[in-house]
Amino acid sequence: MPHTLSQVCEILERYAMQPTLAGDGRRSIAGVATLEEASEEQISFLSNPKYEKMLAGTRAAAVVCKPEIAAPPHLNVVRVADPYAAITVLIAELHGYRRHPRPRIVGGAAHVAPSAVVGENANIHPGATIDEHATVGRNATVYPGVYVGPRCRIGDDVTLYPNVVLYDDTVLGNRVTIHAGTVIGNDGLGYAPIGGKWVKIPQIGIVELGDDVEIGANCSIDRATLGRTRIGNGTKMSNLIAIGHGTHVGEHCMFVAQVGLAGSVEVGDRVTMAGQAGVVGHIRIGDKATIGAKAGVTNSVADGETVLGAPAIPVREMRRQVACLMRLPETTETVKQLDKRLAELERRLGEAT
Amino acid sequence: MPHTLSQVCEILERYAMQPTLAGDGRRSIAGVATLEEASEEQISFLSNPKYEKMLAGTRAAAVVCKPEIAAPPHLNVVRVADPYAAITVLIAELHGYRRHPRPRIVGGAAHVAPSAVVGENANIHPGATIDEHATVGRNATVYPGVYVGPRCRIGDDVTLYPNVVLYDDTVLGNRVTIHAGTVIGNDGLGYAPIGGKWVKIPQIGIVELGDDVEIGANCSIDRATLGRTRIGNGTKMSNLIAIGHGTHVGEHCMFVAQVGLAGSVEVGDRVTMAGQAGVVGHIRIGDKATIGAKAGVTNSVADGETVLGAPAIPVREMRRQVACLMRLPETTETVKQLDKRLAELERRLGEAT
Amino acid sequence: MPHTLSQVCEILERYAMQPTLAGDGRRSIAGVATLEEASEEQISFLSNPKYEKMLAGTRAAAVVCKPEIAAPPHLNVVRVADPYAAITVLIAELHGYRRHPRPRIVGGAAHVAPSAVVGENANIHPGATIDEHATVGRNATVYPGVYVGPRCRIGDDVTLYPNVVLYDDTVLGNRVTIHAGTVIGNDGLGYAPIGGKWVKIPQIGIVELGDDVEIGANCSIDRATLGRTRIGNGTKMSNLIAIGHGTHVGEHCMFVAQVGLAGSVEVGDRVTMAGQAGVVGHIRIGDKATIGAKAGVTNSVADGETVLGAPAIPVREMRRQVACLMRLPETTETVKQLDKRLAELERRLGEAT
Numbered sequence: 001m002p003h004t005l006s007q008v009c010e011i012l013e014r015y016a017m018q019p020t021l022a023g024d025g026r027r028s029i030a031g032v033a034t035l036e037e038a039s040e041e042q043i044s045f046l047s048n049p050k051y052e053k054m055l056a057g058t059r060a061a062a063v064v065c066k067p068e069i070a071a072p073p074h075l076n077v078v079r080v081a082d083p084y085a086a087i088t089v090l091i092a093e094l095h096g097y098r099r100h101p102r103p104r105i106v107g108g109a110a111h112v113a114p115s116a117v118v119g120e121n122a123n124i125h126p127g128a129t130i131d132e133h134a135t136v137g138r139n140a141t142v143y144p145g146v147y148v149g150p151r152c153r154i155g156d157d158v159t160l161y162p163n164v165v166l167y168d169d170t171v172l173g174n175r176v177t178i179h180a181g182t183v184i185g186n187d188g189l190g191y192a193p194i195g196g197k198w199v200k201i202p203q204i205g206i207v208e209l210g211d212d213v214e215i216g217a218n219c220s221i222d223r224a225t226l227g228r229t230r231i232g233n234g235t236k237m238s239n240l241i242a243i244g245h246g247t248h249v250g251e252h253c254m255f256v257a258q259v260g261l262a263g264s265v266e267v268g269d270r271v272t273m274a275g276q277a278g279v280v281g282h283i284r285i286g287d288k289a290t291i292g293a294k295a296g297v298t299n300s301v302a303d304g305e306t307v308l309g310a311p312a313i314p315v316r317e318m319r320r321q322v323a324c325l326m327r328l329p330e331t332t333e334t335v336k337q338l339d340k341r342l343a344e345l346e347r348r349l350g351e352a353t
Numbered sequence: 001m002p003h004t005l006s007q008v009c010e011i012l013e014r015y016a017m018q019p020t021l022a023g024d025g026r027r028s029i030a031g032v033a034t035l036e037e038a039s040e041e042q043i044s045f046l047s048n049p050k051y052e053k054m055l056a057g058t059r060a061a062a063v064v065c066k067p068e069i070a071a072p073p074h075l076n077v078v079r080v081a082d083p084y085a086a087i088t089v090l091i092a093e094l095h096g097y098r099r100h101p102r103p104r105i106v107g108g109a110a111h112v113a114p115s116a117v118v119g120e121n122a123n124i125h126p127g128a129t130i131d132e133h134a135t136v137g138r139n140a141t142v143y144p145g146v147y148v149g150p151r152c153r154i155g156d157d158v159t160l161y162p163n164v165v166l167y168d169d170t171v172l173g174n175r176v177t178i179h180a181g182t183v184i185g186n187d188g189l190g191y192a193p194i195g196g197k198w199v200k201i202p203q204i205g206i207v208e209l210g211d212d213v214e215i216g217a218n219c220s221i222d223r224a225t226l227g228r229t230r231i232g233n234g235t236k237m238s239n240l241i242a243i244g245h246g247t248h249v250g251e252h253c254m255f256v257a258q259v260g261l262a263g264s265v266e267v268g269d270r271v272t273m274a275g276q277a278g279v280v281g282h283i284r285i286g287d288k289a290t291i292g293a294k295a296g297v298t299n300s301v302a303d304g305e306t307v308l309g310a311p312a313i314p315v316r317e318m319r320r321q322v323a324c325l326m327r328l329p330e331t332t333e334t335v336k337q338l339d340k341r342l343a344e345l346e347r348r349l350g351e352a353t
Numbered sequence: 001m002p003h004t005l006s007q008v009c010e011i012l013e014r015y016a017m018q019p020t021l022a023g024d025g026r027r028s029i030a031g032v033a034t035l036e037e038a039s040e041e042q043i044s045f046l047s048n049p050k051y052e053k054m055l056a057g058t059r060a061a062a063v064v065c066k067p068e069i070a071a072p073p074h075l076n077v078v079r080v081a082d083p084y085a086a087i088t089v090l091i092a093e094l095h096g097y098r099r100h101p102r103p104r105i106v107g108g109a110a111h112v113a114p115s116a117v118v119g120e121n122a123n124i125h126p127g128a129t130i131d132e133h134a135t136v137g138r139n140a141t142v143y144p145g146v147y148v149g150p151r152c153r154i155g156d157d158v159t160l161y162p163n164v165v166l167y168d169d170t171v172l173g174n175r176v177t178i179h180a181g182t183v184i185g186n187d188g189l190g191y192a193p194i195g196g197k198w199v200k201i202p203q204i205g206i207v208e209l210g211d212d213v214e215i216g217a218n219c220s221i222d223r224a225t226l227g228r229t230r231i232g233n234g235t236k237m238s239n240l241i242a243i244g245h246g247t248h249v250g251e252h253c254m255f256v257a258q259v260g261l262a263g264s265v266e267v268g269d270r271v272t273m274a275g276q277a278g279v280v281g282h283i284r285i286g287d288k289a290t291i292g293a294k295a296g297v298t299n300s301v302a303d304g305e306t307v308l309g310a311p312a313i314p315v316r317e318m319r320r321q322v323a324c325l326m327r328l329p330e331t332t333e334t335v336k337q338l339d340k341r342l343a344e345l346e347r348r349l350g351e352a353t
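Protein chains in written order, with the numbering used here: chain D, 1 to 353; chain V, 1 to 353; chain A, 1 to 353.
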C-alpha cells in the first residue's frame, strides 16, 4: 500500500528522527530506490556526499538528506540528521524484511532424527537434516541442505539459509541468522608434531553464538579444541570469514568480508574489522578498536585504537609511514645526491687542510 | 577416435591458426597432455618459455609451439602464433567439455514447488530444490543440493553445480555456469547504527548475472540493498571471491581466486584482478585496468591502468618503490653515516672559523 | 570412566613421554580442559609460556607442563618435555575422536547410482549422492548433502562432512577427512583469449589427495587442466583455502586459513604456510620452507627458507626492512635536515673560497 510523503514523515517522527519536509506532502510513495534508479513513485536518499551531484538528475518522488544539503528547488526533500538511519527505517516499514513462507514442495521431506526436538511453528524444509538429540527453537526457518549436527541447541526465531552446516554440540542464541554455505563448529587446525608426523588433537570444544548474531555466506568458525569459540550478542559478520579455534569475539562487532582471525584471539565489544584483515593468535583486540582493510595485526590493540597496515600500527603512524613510502624513491635519490655533495665537500676540505 | 597429426593441423586450419607442421603427419594423436606427462599417443604444447628445456625429455607424439622455438630434431612440431589458443581448440575438439548425463539415481527426487516453471530438457537432480515461482530455462543442469530461491529467473543452457544457492529473485542469463558451493544473492553487510545497536537494513535489491558468466566455487555475491548487483556478459571469476552489495562488474572481466570487492564499486569491461586483491567501496575501476595480486585498491583506477601494492599505485611507481624498499636498510645506514660525516665537517668548520 | 592421576601418567609412559608427577597420584581425572575453564575433576596444561600466570588461579585437578616451570605448591603437576604432545595424547585417550554413528533418520535416503560401488560398513547418510561409477571404500562416512561425482575413487576410512563436493574423477586416499562445504575438483580459471573473448579450456585433468590428508571447511581445490592437481600424504589444510589447477603440494605440509596458491605451483614436503599467504603460479616452494602470514610469494623459495612480506623475502631481511620502515618518517626527516645542513656548509664554503 502506497504512503503519502506526509505519512512517510510521520513514520520518521515515530522513530524520533525529527524530519522536516520541503515540498509536496501529498506525493505518493510506493517504495525506496537509489537516486539513479528511483522512479517517480519512489523515495531516495543522499548519505554519502560523494553522490550529491546526482540530486539534479534523479526522478525520485522525494529525497531524504541532511539539513545542510542544498537540493534542487523542484525536488521534494525530507531533512533529517541521519539519512542512513532514516532510509533504513523506511525500507523496513515500506518493504519489510524477507519472509520465509512454508513452501509447497513436491518430492521430498526433511530428515529428522527421532531424538531431535523441533519447536512449535518451526519450518524445516525438505532436504534439511536435524540429527540426533538436536533441539531447534520456535519459529525457526531451516532451509534445504542445512545440516544440524548431534546435540546442537538452537534458540527461537533462528534462520538457517540453505546448506548451512552446524557440527555437533553447536549452540545458537535467539534470532540468529546464518547465511548459505556457512560452516560452524568444524575442527580447527589442531595437530601436534609427534614423531615427525602431524597427530590430530581431538577437538572436543564447541562453538557458541549469542543472540542476534548474523553471519554471512561461506564463512567458517572453528570449534574450540577445549572450551568454546564464542561470538557475542549482536555481532554481525559478512562473507568468507574464517574464525580460528578458541577465539572469543565480543558483542556488537562488525566484520567485513574475508577477515581471518587465528585461534585464541580475544576480541572486545563493538570492534570493526575491515575487509581482508587478519589477526594472529593469542592477542587481544580492545573494545571499539578498528582494524583497517588488509591489516595484518601481530600485536594486541588497545581499546578504541585504529590500526592499519601489515604489520599493523596505529593509523596516524601508518599514514606518516605511507606518505614517506610514497616519497621513498625521491628520498633515496636525495640520499645519493647528499652522499656525492658531501664527498665533494670532504674532498675540498681535505685539500684545504 | 584418434586423429592423425595432419588431421590435427586441419582442425587448427579451420580456426584460421595457420599451423606449419615439421614431422610425420601420419602420427596418431589420441589426446592432449602436458610435456611431462604426455605418452607417445598424446600431443603437448609449449606456451610459457620457462618450460622450453622440457622439450628434450618429452615423450609426446608432437608439440604445438611458437614459430621461433628450436625444438629437438626428433620431435614432431606444429608451429602456430598462439600455442595456448591452439591447444585450447585441440582439448575442446579431442576431449570436449564436461557432459552432464541424466543420472539413474535411486532413492531421491528433486524438490520442485508447484508454481515453479522448468524448461524443456532441463535436468534437475534429486536433492535439488526449485522454490516457488522460480523459472529455469531449457537444457539447464541443476545438480544435487542446489537451491533456487523464490522468483529466480534462470536462462537457457545454465549449469549449477552441487550446492549452489541462489537467493530469491536472482536473475541469471543464458549459458551461465556456477561452480559448487557458490552463493548468489545473500544479504550484504547492511546495518545502520541506531541507538547503539546494529539495525538490519532489509536488502530489497537483487543480483543479476549476464550471459556466459562463469563463477568458481565457494564465492559469495551480495544482493544489492536497493537496485541490483550486476556481473556483465562473459565475465569469469575463480574461487572464494566476495562481491559486495550494489557493485557492478562489466563484461569480459577475469577475477582470480580470493579477490574481494566492497559494495558500490563500479568495475569497467575487460578488467583483470589477480589473486587476493581487494577494492574499497564507492570507487571506479576503469576498462581494461589490471589490479595486481594482493593489491589494496583505495582510489579509482583509470582505464587501462595497472596498479599494485597496498595502498595500490601505478605499477611503474610501485616497482620503483619496491626497489627502494629492498635497499631501505642500506639507505638508512647511509643516512646514519652521512649524519656522522656531516657532523665531523661541521665540527671542523666550526673550529676553522 | 575417570582415571586417577597416576593412571594418566601411565598413559604418557606408554607413549614414552617420561612424565614425572609432583602431587597426589590418587586424584581423579575425568577429562581435559583449559587452565581457565578446568573444574576440579579435569587436567589442564601449560604450553605457551604467555599463560604461565594463569597457573595460580586454575581450579584444575592437575597441570601438564615443562620441567622448568615453577608451579604453585598446591598444584598437582605432571612434567614432560612436550606438554602439547602430552595433552594431545590425553585428549585422544580420555575423550577420543568424533564418532560417526549411523543416525536413525526419518524421511530420506541416500541417492546412489546403480553403477556406484560402496564398500562394506560405509555409512552413506540420507541426502548424500554417489554418482555413476564412483567407488567408495570401506568404513566411509558420507554426511548429508555430500556429492561424489562420476568415477570418483575414494579410499577406506574416509570422512566427508556435510555438503562436501567432489567433482568427477577425483581420487582420495585412505583415511582422508574433508570438512563441510569444501569443493574438490572444480574447474580452474582456464580460458584462452581468442578473438577478444574468453574461450573456456576444457579442464580434463583431475585432483588426487594422498592418504591421511585433512582439508578444512569451504576450501576449493581446482582440477588440473591436464594431468593432476596433487596433495601429498599427511598434508593438513585449514579453512577457506584456494589451490589452483595443476599445483602439486608435497607431504606433511600445514596450511593455515585463507591461504591461496595459484596454478602450477610446486610445493615440497613439510612446508608451513601461515594465514592469508598467497603464492603466484609456476614457482617452487622448497621442502620445509615456511611462508609467513599474509606473505605474497612471487619467486621460488629455497628448502628450509622462511619468507615474509609482499613481495616476500627471507625473514631476516624482512625484519630489517620492517625495522627501517617503522623508522622511515624519522629517516626522511633526517634526510631533510641533512640537506639543509649540507646546503649551509656549501654556502659557507662557497663564501670562503
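Beta carbons: idealized from backbone N, C-alpha and C, even for Gly.
Just so we're clear, the structure is a prediction, and the values are computed from it rather than from any experiment.
Inter-residue spacing [alpha-carbon to alpha-carbon] between residue i and residue j
i: Ala192/D; j: Arg153/A; result: 29 Å
i: Gly363/A; j: Gly96/V; result: There is simply no residue 363/A to check, as chain A begins at 1 and stops at 353 in what is shown.
i: Glu132/D; j: Pro101/A; result: 10 Å
i: Gly155/V; j: Thr247/V; result: 22 Å
i: Val164/A; j: Arg104/V; result: 21 Å
i: Val213/A; j: Arg270/A; result: 13 Å
i: Gly190/D; j: Arg341/A; result: 58 Å
i: Val367/V; j: Ile130/V; result: A query on residue 367/V cannot be resolved here, the shown segment of chain V reaching from 1 to 353 and no further.
i: Gly281/A; j: Ala302/A; result: 16 Å
i: Thr298/D; j: Arg151/D; result: 36 Å
i: Thr34/D; j: Leu90/D; result: 13 Å
i: Pro202/D; j: Val32/A; result: 11 Å
i: Val117/A; j: Val112/D; result: 27 Å
i: Arg347/A; j: Ser47/D; result: 56 Å
Residue i classed as buried or exposed, judged by whether at least 16 other C-beta atoms fall within 10 angstroms
i: Asp24/V; result: exposed
i: Gln356/A; result: Given a span of 1 to 353 for chain A in the structure shown, any question on residue 356/A remains unanswerable.
i: Asn218/V; result: buried
i: Gly185/A; result: buried
i: Arg26/D; result: exposed
i: His74/A; result: exposed
Start-to-end residues for the beta strand (DSSP E) that takes in residue i
i: Ile91/A; result: No beta strand (DSSP E) contains Ile91/A, which is instead part of the alpha helix (DSSP H) from Pro83 to Leu94.
i: Gly185/V; result: Val183 to Asn186
i: Tyr191/A; result: Tyr191 to Ile194
i: Lys197/V; result: Lys197 to Lys200
Proximity of residue i and residue j at Cβ, strictly below 8 Å
i: Gly354/V; j: Asn233/V; result: Only positions 1 to 353 of chain V appear in the structure, and residue 354/V is not among them; the question remains open.
i: Gly278/V; j: Gly263/V; result: no
i: Glu239/D; j: Ala257/D; result: First, the residue type needs correcting, since residue 239/D is Asn and not Glu in the sequence shown. Contact: yes.
i: Ala109/A; j: Gly57/V; result: no
Segment limits, alpha helix (DSSP H) that includes residue i
i: Val8/D; result: Leu5 to Arg14
i: Cys324/D; result: Val315 to Met326
- Ordered list of beta strand (DSSP E) runs contained in the region 223–305 of chain A, each at least 3 residues: Entirely contained in the region 223–305 of chain A, the beta strand (DSSP E) runs reaching 3 residues are, in chain order, 228–231.
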